[in-house]
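Report on one structure; see the data block that follows.
Residue numbers (the numbering used here), protein chains in the order written: chain W, 82 to 197; chain V, 177 to 292.
Okay, here's the thing in structure tokens:
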């Protein structure tokens, strides 16, 4: 199994508070992703990173920010949590190089976030 | 954002039935097509990564084909079993250049339920 860990695994937070989720990898993969799981939408991309300090927006980036200060960590921050951000969040990693687009992504276990 | 369509959205079959579903994507700037299997309460896992027009891949009772010229891929399951029940996701990757190279955006998925 790919070395990818999400923390925390579960969190309950109040509306309006900032929340940070962490994704940690031990595979030295270039690409890292944050997704949220929504019924009827499958997995939707929030942000992704293509290197240290290099990030880009996904489909549903409003209300979220990310940072990647080192290869192994990709942080997702909900700047001011809202109830609509209650979801399961998945981190994923994939390889780099010429074959990067041809290699599969590996997913973390998911973080269940509830905003009350 | 790549326009990815998966059909049908959900499918109910009986144990032993064979089934298939479709992933449609823009054929321009195509680089690779990923298929993932996502069981309830688990993380998505890769089934196939396909790159060449006419590619066929097989893993046990599951196989996939790819048509990059017309922009579609089929996933087939032969002799479905209850343990095949899952959401099947596809994700095309583009070589449109820039940061889009590493972007991994999923279709909404096909939910398969296999009844004993």
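In this text, a Cβ means the ideal position worked out from N, Cα and C, and glycines have one as well.
In the DSSP assignment, residue 154 (chain W) falls within the unbroken beta strand (DSSP E) covering 154 to 159. Note on the stretch 234 to 275 of chain V: whole beta strand (DSSP E) runs with a minimum of 3 residues are 238 to 243, 248 to 253 and 262 to 270, in chain order. With its beta carbon less than 8 Å from one in chain W, residue 281 (chain V) belongs to the interface. In its chain, beyond the 5 residues on either side, 288, 289 and 290 have a beta carbon closer than 7 Å to the beta carbon of residue 261 (chain V). For residue 186 (chain V), the secondary structure class from DSSP, reduced to helix, strand or coil, is strand. Spatial neighbours of residue 136 (chain W) in its own chain (CB-CB distance under 8 Å, excluding positions within 5 residues in sequence) are listed in chain order as 128, 129, 130, 147, 148 and 149. DSSP places residue 166 (chain W) within a helical segment (H, G or I) once states are collapsed to three. Listed as beta-bridge partners of residue 187 (chain W) by DSSP are W:174. Distance from the CA of residue 203 (chain V) to the CA of residue 247 (chain V), rounded to the nearest whole angstrom, comes to 4 Å. With respect to chain V, the C-beta atom of residue 106 (chain W) has no partner C-beta closer than 8 Å. By the neighbour-count criterion, in which 16 or more other beta carbons inside 10 Å mark a residue as buried, residue 180 (chain V) falls on the buried side.
For residue 138 (chain W), the CB contacts under 7 Å within the same chain, skipping 5 residues up- and downstream, are 128 in chain order.
Of W:192, W:173, W:184 and W:196, the smallest CA-CA separation from residue 85 (chain W) is found for W:173. Assignment of residue 123 (chain W) by DSSP, reduced to helix, strand and coil, places it in the strand class. Residues of the stretch 219 to 244 of chain V with a Cβ closer than 7 Å to any Cβ of chain W, in chain order: 219, 220, 222, 225 and 227. Using a CB distance cut-off of 8 Å, residue 188 (chain V) does not count as an interface residue toward chain W. Within chain W, the residues 123 and 124 have their CB atoms less than 8 Å from the CB of residue 265 (chain V), given in chain order. Contact between the stretch 159 to 166 of chain W and the stretch 230 to 247 of chain V is absent, with fewer than three C-beta pairs closer than 8 Å. The beta-carbon separation of residue 188 (chain W) and residue 118 (chain W), rounded to 11 Å, does not stay under the 8 Å limit for a contact.
By the Cβ neighbour-count rule, residue 120 (chain W) is exposed, with fewer than 16 other Cβ atoms within 10 Å of its own.
Here residue 132 (chain W) carries a strand assignment [DSSP, helix/strand/coil].
Comparing alpha-carbon positions, the option among V:256, V:226 and V:267 lying closest to residue 292 (chain V) turns out to be V:256.
Residue range 85 to 88 is occupied by the beta strand (DSSP E) that includes residue 87 (chain W).
Here residue 214 (chain V) is actually not in contact with residue 240 (chain V); their C-beta atoms are around 16 Å apart, not less than 8 Å.
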